[in-house]
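Working notes, beginning with the structure itself.
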Amino acid sequence: MKNVILASEDQVAIDAVAAKLMGFDPLSINYINLGHSQGLGVGDPREIELVGDDVSNENWHFKVGHNLHQFMGWLTWYGPTKFLQKLVTRTPLVAIPIGFSEVYHDYVHWPLKEKHVFKAWCETTAWGQLFLRYQKEGHLAS
Numbered sequence: 118m119k120n121v122i123l124a125s126e127d128q129v130a131i132d133a134v135a136a137k138l139m140g141f142d143p144l145s146i147n148y149i150n151l152g153h154s155q156g157l158g159v160g161d162p163r164e165i166e167l168v169g170d171d172v173s174n175e176n177w178h179f180k181v182g183h184n185l186h187q188f189m190g191w192l193t194w195y196g197p198t199k200f201l202q203k204l205v206t207r208t209p210l211v212a213i214p215i216g217f218s219e220v221y222h223d224y225v226h227w228p229l230k231e232k233h234v235f236k237a238w239c240e241t242t243a244w245g246q247l248f249l250r251y252q253k254e255g256h257l258a259s
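Each residue of the sequence shown is one higher than the one before, counting from 118 in the working numbering.
Okay, here's the thing in structure tokens:
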């Protein structure tokens, strides 16, 4: 996977190029297709001029999986508990899913999965090494 910096005046085009790099068909993503079809920008990568390194054949093979957060969102907005939506999202009860999310992400997901991915990134990439150097020199909070 290459390190790539993207810049554009066209926000639809930059999202389309990012989606293509990740391995997705940009026009199959609703908001990119909508922006493209309404003339808000260019969503078809074949119509976008790339300057710099040729990344037109890059494919990082990202996959969208299912997760607990996605399921909870579905329950709140579309599922059988939709009738509780206003009660859960517009009252102090909103603290319950926020607390659940904090526990899940900070005490389960981070230590069991993402922390290892982050450490490997730090050890094996130039950007990771730079991040560690900045942290060591006190440019980042530990």
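Yeah, the Cβ is synthetic: ideal placement off N, Cα and C, and Gly gets one too.
Fair warning: this is a prediction, and the values are worked out from it, not measured in the lab.
Close Cβ partners of residue i (< 6 Å) along its chain, the five nearest in sequence each way excluded
| i | result |
| --- | --- |
| Y251 | L257 |
| K137 | P143 and P162 |
| A243 | none |
| D132 | I149 |
| L157 | V129 |
Spatial neighbours of residue i in its chain, beta-carbon cut-off 7 Å, leaving aside the 5 residues before and after
| i | result |
| --- | --- |
| L144 | N150, H153, G160 and D161 |
| G140 | N176, W177, H178 and F179 |
| I146 | A136 |
Element boundaries [alpha helix (DSSP H), containing residue i]
| i | result |
| --- | --- |
| H186 | L185 to W194 |
| T241 | K232 to T241 |
| G152 | N147 to S154 |
| A130 | Q128 to M139 |
| S218 | A212 to E219 |
Beta-carbon separation (whole angstroms), residue i vs residue j, contact threshold 8 Å
| i | j | result |
| --- | --- | --- |
| Y224 | L185 | The Cβ separation is near 14 Å, so there is no contact. |
| T206 | T198 | Contact flag wrong, Cβ pair sits at about 11 Å. |
8 Å Cβ shell around residue i - same chain, five flanking residues per side excluded
| i | result |
| --- | --- |
| E164 | none |
| L263 | Absent from the structure is residue 263, since the part of the chain shown begins at 118 and ends at 259. |
Could you tell me whether the region 192 to 212 touches the region 168 to 177, using the rule of 3 or more Cβ pairs below 8 Å? no
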